[in-house]
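Taking it in order: structure first as structure tokens, then the write-up.
2 protein chains.
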Amino acid sequence: MRKRFKNRSRPTGRRPAPSGAGRSKLKIIPLGGLEEVGRNMTIFEYKGDILIVDMGLQFPEEDMPGIDYIIPNIESLKGKEKQIKGVVITHGHYDHIGAISHLMSRLGNPPLYCTGLTEAIIQKKHEEYKNIPSLDIRRITSDSKIKLGQFRLEFFRVNHNIPDGVGIFIRTDSANVLHAGDFKFDFSPIGEKPIEVGKIVRFGEQGVDLLMSDSTNAGSPGYQISEKGIESELDKIFSKTRGRLIIATFASLVSRIQEIINLAQKYNRKVAIEGRSMRNIVEIALRNHYLIAKRGTFVDASRINRMKDNKVLVLCTGAQGEKRAALVRIANGEHRRISIKKGDTFIFSSSIVPGNERAVQNLKDLIYKAGGNVIHYQMMDIHTGGHAKIEELKMMMRLVKPKNVMPIHGNHFLLVTHGRLAKQLGYSDKHVVVARNGQVIEVSKQGVKATRRKMNTDYVMVDGLGVGDVSHIVLRDRKAMASEGMVVIVVSLDREGNLIGSPDIISRGFVYVDASKELIEGIRQKVKQVIAKNKHLAATDHNSLRARLRDDVGQQLYTKTERRPLILPVVVEV
Amino acid sequence: MRKRFKNRSRPTGRRPAPSGAGRSKLKIIPLGGLEEVGRNMTIFEYKGDILIVDMGLQFPEEDMPGIDYIIPNIESLKGKEKQIKGVVITHGHYDHIGAISHLMSRLGNPPLYCTGLTEAIIQKKHEEYKNIPSLDIRRITSDSKIKLGQFRLEFFRVNHNIPDGVGIFIRTDSANVLHAGDFKFDFSPIGEKPIEVGKIVRFGEQGVDLLMSDSTNAGSPGYQISEKGIESELDKIFSKTRGRLIIATFASLVSRIQEIINLAQKYNRKVAIEGRSMRNIVEIALRNHYLIAKRGTFVDASRINRMKDNKVLVLCTGAQGEKRAALVRIANGEHRRISIKKGDTFIFSSSIVPGNERAVQNLKDLIYKAGGNVIHYQMMDIHTGGHAKIEELKMMMRLVKPKNVMPIHGNHFLLVTHGRLAKQLGYSDKHVVVARNGQVIEVSKQGVKATRRKMNTDYVMVDGLGVGDVSHIVLRDRKAMASEGMVVIVVSLDREGNLIGSPDIISRGFVYVDASKELIEGIRQKVKQVIAKNKHLAATDHNSLRARLRDDVGQQLYTKTERRPLILPVVVEV
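Residue numbers (our numbering), protein chains in the order written: chain A, 1 to 574; chain B, 1001 to 1574.
Quick look at the structure:
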């Protein structure tokens, strides 16, 4: 306590005025992406000007039934719309672009900067939303140089598992930041050029105060395999396979799709595309020349049943076992045009997103039961990820030589793990910032500081057309109904609180009523008892009567079934 | 067609009478365990006598909200209770014992044969159920020889990740079967003896017509690591750690628990046990001498806060991220006696069960955020599985030299994979049986045949105290309510079908009502319209009125929100 008073009594003249101090430092506020995979969005603020990098969505956690996705919370930007000089998008993945259509008009529609493929994907997505203003997109290349208020930006091409991704070199009078986007090093990529290592070194030589670097694979040793290596493994499968080939991969893996097209041409197979997102991306990429295919490469899926097996290749989505995707519908016999036949070879050219393991096992079961065979990335090198592994993360630090390192993108334990890598390279604790979502980070030539200030980053959940109207209370009710179902009790009372007729008991998701007449009759008797015993409440205080019904019926049901359904008493006064 | 007629016209005397033919072959009917992990239960039937091996439960799939577990369907045993000569349990895991308390009394309580630890675990579990007869358990050892009607049984000790497991050599006049249970080869196990390789060879020399062998790890190359190797890796961690150690593993991993106790004694740490299942198993295993610990090894968790950090070891369950387990409660600060402090080292000495990956990531995040550190099996060899890997499966086939091989235990794609291993060893297609649940398999000296007969193996779901009363309809409703919530509409009508008062609209899990008054008011207006327009139904046919309300309100809500809540109209006639 004494110390604090002492500090306070210091003449203020001896340090810069608070407003000046705050304004002279570059502030960085990550609104998401530091405690999860997804909803990446970072605010840079300097001398009143704001730059935003990325605006992504996050897919829901398992305990959020019915939620489509989560978008960043922009409460802290309220009233600052005019300060936003621009939004830069590093690449076209949904965890970096998925919130654009929801948020841009609420931020005053600032100009949005991105490369060609990223623009095409954003526009296609934006068309799905009606009644919102069109976007002010300004296309850049990795060679662009732009000035947005206080921010001078340059870019460098990165490799990732979608083409046309960039990292950003952000300069201000206070500090320089290198934001590496989502990246990996691929020195023999397919259908795109390698990461611009030389530029990264030059930016580093200009002095980087803070490197913000992708942590998604900070727990994985070694280097990613080059796409060229994947292609040669796939080639082995193509050369040996006599039956039909069904290849599933992520729709956004344009490089992989290029390899598959190349191999289809080499081995005289026609490519049928299945799945809406796969068709969309192939169409966009072909139109914008990010995919190259000869005339006659593609075929409509309706024709493949008339073709020889060794001429057929189906390219589709769904290797995560997603229920509505093309692959699952093919496997469970619900697909209109394609059904499995004995001798079909399925290639899952993708990793399994954590949480989907069981769905993928069930998918493999369906395929094997129908006589198909599955080749998976655990058996051959037929997939490589898009995020730098441990040795590549170290390479990035060695190339950039930043004064400070801030791990971004990934679960918190991955940021910590990435931070430890920096320490292995000699960075001391104070030069490594492992921050939380919403935390205000200050950077200057003097160093980096994670302050105690924290912006609101509560989940904003999107469900159907509703944004933010599903609260934790709604989710709690959904979860309760999901695990134990619900019981509605309808009673009609006269003004004196006498029961009229017999109570109606309606249950859903609780027990199968035909099998449980006795249980339902027990509830009915209990309801009659409660009303008879609480006649004063029945006449005057329906709220309390409802609470009593809920408690007593709930107790009885728990004793008899060990289940706790949601109980909803409805009192009708007649 | 001609051929079939020709066959039919053959004098029947040239082949054995059909009844005799059926009776002279050993029939095997797997009621579960061939298309999933869990609900293992196999029927052996010969000359009217029945032997059952194992009686396990299956944990629910992701699309079965609220279901506790699934048990085997015993419909095909109805009326055959008196033919059941005995039930043999191979080991004490829930996927082999979990349905015993539900099914034994319905099967006429036949004698149940198992080893000592298995018996203790079954009895402990059985005590939790009230009002059911006690079990007729007859203890065996791996050296027992028993005769159950037509079946002559001998046993052999296996290694697995719970001690006291056995495989069974089943002899009949028609055929000999070797059922290997859940097994692996561990030539330096901890706290138990190695698998009885010599006996397996001797049984093989007597002629095995069919080997039934565990497929759980048929997709994993190589051999399992020996428990001795795990102990030495754990020793490295113990020797380096100065802070507290919190070790999470599966409760049934008695060998692992023995290693941890050994190391605690070596490094002078006291062991606090947390989690009900962990406490139960340690108590059972200590009492039955399957675990050996010196006096003073254990300490109550309430005392650890007063002990030096380097004296503390907490042993608990929950490394799968299960919400109610001790470890998650410690990590999220909800545990009564233990909270994380900086410098705590967490060891997850277990693999991740498919489907739990995301929960485990979230758990690691909680621990890192609280300042703890996690050592995981992906970083060091601190876990080994209980199921034979590829080379061990081949070893079993080489030791037994069976005429035919039937892969059991595991997802269907794993049975297929295991079958391919047999083919690599020279077995032709007709000597490898990949069967489905419920399929009737016939074995004799002449060979093995998977018939087209199939017993009912539909899921029997247990939810709370109810067995089989949750149907697919109930699950469908639960899923609907989980993803979109529900809306109850209550209308009071007079006998002429006129609305009395205003309709009551109650929603749960749909939208947060305070935020959506307009939406609710819209429903109310729609309800009034529907009733006014359908006065004839309102007066005479409430079922049709309800259907109309459900359709029209549903349509309106979908247009406005793109959600489809479960809609429940209630009509009260006054």
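Quick reminder that beta carbons are idealized off the backbone N, C-alpha and C, glycines included. On a predicted model such as this, the values are computed, not experimentally measured, just so you know.
With 16 or more other Cβ atoms from the protein chains shown falling within 10 Å of its own Cβ, M1486 of chain B counts as buried.
In this structure, the beta-carbon distance from R1508 of chain B to L465 of chain A does not fall below 8 Å. Comparing alpha-carbon positions, the option among A:L315, A:K308 and A:N288 lying closest to F298 of chain A turns out to be A:L315. Residue burial is scored here from C-beta neighbours: D551 of chain A has fewer than 16 other C-beta atoms within 10 angstroms and is therefore classed as exposed. Residue pairing for P1407 of chain B: DSSP places it in a beta bridge opposite B:S1213. Residue pairing by DSSP places R157 of chain A opposite A:V166 in a beta bridge. Excluding its 5 nearest sequence neighbours in each direction, S350 of chain A has C-beta neighbours in its own chain below 6 Å: T249, F250, A319 and H383, listed in chain order.
Secondary structure within the stretch 358-444 of chain A: the beta strand (DSSP E) runs of 3 or more consecutive residues, fully enclosed, are 373-375, 404-408 and 439-444 (chain order). For L566 of chain A, the chain B residues whose C-beta falls within less than 7 Å of its own C-beta are R1508, listed in chain order. Within chain A, Q361, N362, K364, D365 and Y368 have C-beta atoms less than 9 Å from the C-beta of N1411 of chain B, given in sequence order. Under the DSSP assignment, M278 of chain A falls in the alpha helix (DSSP H) whose first and last residues are R276 to R287. Inter-residue distance for G386 of chain A and K1430 of chain B is about 45 Å (C-alpha atoms, whole angstroms).
The residues S24, K25, L26, Y46, V443, S444 and K445, in chain order, have a CB closer than 8 Å to that of S174 of chain A in the same chain once the five nearest residues on each side in sequence are set aside. Taking CB atoms only, A388 of chain A has no neighbour in chain B less than 8 Å away. For the stretch 1293-1323 of chain B, no residue has a beta-carbon sitting nearer than 8 Å to a beta-carbon of chain A. In terms of Cβ geometry, L112 of chain A and D136 of chain A form a close pair [threshold 8 Å]. Beta-bridge annotation (DSSP): E1036 of chain B is paired with B:G1410. Assigned with DSSP and collapsed to three states, M1481 of chain B falls in helix. For M1486 of chain B, the nearest beta carbon of chain A is closer than 8 Å to its own beta carbon. Using a Cβ-Cβ distance cut-off of 8 Å, the stretch 69-84 of chain A and the stretch 366-384 of chain A are not in contact, since fewer than three pairs of beta carbons, one from each stretch, lie closer than that value. Among the residues facing chain A, T1561 of chain B is included, as its CB has a counterpart in that chain under 8 Å away. For P1407 of chain B and V571 of chain A, the gap between their C-alpha atoms comes out near 59 Å.
Within the stretch 273-293 of chain A, no residue has a Cβ lying closer than 7 Å to any Cβ of chain B. Per DSSP, Y1558 of chain B is one residue of the alpha helix (DSSP H) stretching across H1542 to T1561.
Note on H1472 of chain B: under 16 other CB atoms within 10 angstroms of its CB, so exposed under the neighbour-count rule. C-alpha of Q555 of chain A to C-alpha of A1325 of chain B: approximately 25 Å in a straight line. Beta-bridge partners assigned by DSSP to I146 of chain A: A:L153.
By the Cβ neighbour-count rule, G426 of chain A is exposed, with fewer than 16 other Cβ atoms within 10 Å of its own. Assigned with DSSP and collapsed to three states, L1253 of chain B falls in coil, not helix or strand. For V1572 of chain B, a Cβ of chain A is located within less than 8 Å of the residue's own Cβ.
Per DSSP, H102 of chain A is one residue of the alpha helix (DSSP H) stretching across I100 to L103. In the DSSP assignment, T42 of chain A is bridged to A:P30 and A:V53.
Annotation: Cβ neighbours of E1357 of chain B in chain A (cutoff 7 Å, chain order): P354, G355 and E357. Residues of chain A whose Cβ lies closer than 8 Å to the Cβ of M1481 of chain B are, in chain order, R478, M481, A482, G485, M486, R508 and G509. Using a Cβ distance threshold of 8 Å, L549 of chain A and V574 of chain A do not count as a contacting pair.
In the structure shown, V1530 of chain B falls within a helical segment according to DSSP collapsed to helix, strand and coil.
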